[in-house]
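Per our numbering, residue 45 is the first one in the sequence shown, and the count goes up by one each step.
Glycine included, C-beta positions come from ideal geometry on N, C-alpha and C.
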Amino acid sequence: VAGGLLYGLSATTAYSIAVLFFIAAGLLVTFIPRPPRRMTAEPVALQTILAGFSYIWREPVVLGAISLDLFAVLLGGAVALMPVYARDILDLGPWGLGLLRAAPGVGAILVGFWLAFHPLRDHAGIILLVFVGLFGLATAIFGLSTTTWISILALLFVGGCDMVSVYIRETMIQIWTPDALRGRVNAVNMVFVGASNELGEFRAGAMAAWIGTVAAVSLGGIATLSVALLWARLFPDMRRIRHLDGRH
């Protein structure tokens, strides 16, 4: 959130403060006590390395959750094109770009606080799919908007929907993964999360160069909505999940 606002001052200020916070975080990590090891080491083999991939492929809930995020972010990413919106479409300066960049983070924080005190109690699978679809719809609205306040509201909604998706999806992955495989499954998940974000920005830029900025963002949002509808059909086990406290 602050990064987007600090960018309104200057890129140098934003990145310099980010570097200072990374250094501070690295120093603070050294104060975390190391827990005692209670695990027995497994022999390193190709089967051991690929165990995370194998489990994800066999478990439809985990596969559905990871692949849903992969394609939603790949198709719905619009961050790379925000400078174009700020300059050419909404006619905003650096502060306006900062507001656009900060808006999804503000939405995510607000929804995160709400979920901390009002956790989901039922229909988790359906809620996940609905909010991924709403994420795509809000992205499409942002893509089509030429009014600043509508664009900011749409981005607030994008961040809030993404927070609900992360909240449910990450919980599903942890609960539906055995303890012995959780580290490897999480490693695969993080690879896909990182790759989808970067490839999503590449997709947005490439499509913008091909068919225009507005079409690239709005069509990407509609495609994300379509993914949510398709995943509801392809992964019925994930859709039927009700509670996030166990396999029921």
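- Item | Every unbroken alpha helix (DSSP H) within the stretch 55-115, with a cutoff of 4 residues, ordered by chain | 55-73, 90-93, 95-102
- Please classify Arg284: does DSSP put it in a helix, a strand, or coil? As a position in the sequence shown, residue 284 is number 240, starting the count at 1. DSSP places Arg284 in coil when its eight states are reduced to three.
- Answer with buried or exposed for Thr57, where buried requires no fewer than 16 other C-beta atoms within 10 angstroms of its C-beta. What you label residue 57 is simply residue 13 of the sequence shown in a count that begins at 1. The residue in question, Thr57, is exposed, as its Cβ has fewer than 16 Cβ neighbours within 10 Å.
- Given a threshold of 16 other Cβ atoms within 10 Å of its Cβ, counted over all protein chains shown, does Glu103 qualify as buried or as exposed? On the sequence shown, residue 103 is found 59 positions in, with the first residue counted as 1. The residue in question, Glu103, is buried, as its Cβ has 16 or more Cβ neighbours within 10 Å.
- Task: Compare the Cα-Cα distances from Ala198 to each of Ala122, Trp275, Ile171 and report the closest residue.
- Result: The residue given as residue 198 occupies position 154 in the sequence shown. Selected option, being the one with the closest Cα: Ala122.
- Query: Which value, in whole angstroms, describes the spacing of the CA atoms of Val229 and Ile67?
  - Reply: Locating residue 229 in the sequence shown gives position 185, counting from the first residue. Locating residue 67 in the sequence shown gives position 23, counting from the first residue. C-alpha separation (whole angstroms): 29 Å.
- Task: Would you be able to state if there are at least three C-beta pairs under 8 Å between the stretch 94-109 and the stretch 199-207?
- Result: no
- Alpha carbon to alpha carbon, how far is Leu64 from His167? Position 20 of the sequence shown, counting from 1, holds the residue named residue 64. Position 123 of the sequence shown, counting from 1, holds the residue named residue 167. Taking the straight line from one Cα to the other gives about 42 Å.
- Query: Does the beta-carbon of Leu114 have 16 or more other beta-carbons within 10 angstroms, so that it is buried, or is it exposed?
  - Reply: Against the sequence shown, residue 114 aligns to sequence position 70. With 16 or more other Cβ atoms within 10 Å, it is buried.
- Measuring CA to CA, which of Leu107, Ser111, Gly120, Tyr211 is closest to Val155? As a first step, residue 155 is located in the sequence shown; it is residue number 111 there, counting from the start. Ranking Leu107, Ser111, Gly120, Tyr211 by Cα distance to Val155 puts Tyr211 first.
- Task: Return the first residue and the last residue of the alpha helix (DSSP H) that Arg226 is part of.
- Result: As a position in the sequence shown, residue 226 is number 182, starting the count at 1. From DSSP, the alpha helix (DSSP H) with Arg226 extends over 226-255.
- Item | For Glu242, the nearest candidate out of Leu118, Ile194, Thr192, Phe279 (CA to CA) | Here residue 242 refers to the residue found at position 198 of the sequence shown. Comparing Cα positions, the closest option is Leu118.
- Could you name the residues of the same chain whose beta carbon sits closer than 6 Å to that of Leu159, not counting the 5 residues immediately before and after it, in chain order? Indexing the sequence shown from 1 puts residue 159 at position 115. Tyr211.
- Which first and last residues belong to the alpha helix (DSSP H) in which Ser195 is found? The sequence position of residue 195 within the sequence shown is 151, counting from 1. Per DSSP, Ser195 belongs to the alpha helix (DSSP H) from 192-219.
- Task: Quick one: grab the DSSP three-state call for Leu143.
- Result: Residue mapping note: residue 143 aligns to position 99 of the sequence shown, counting from 1. It is helical.
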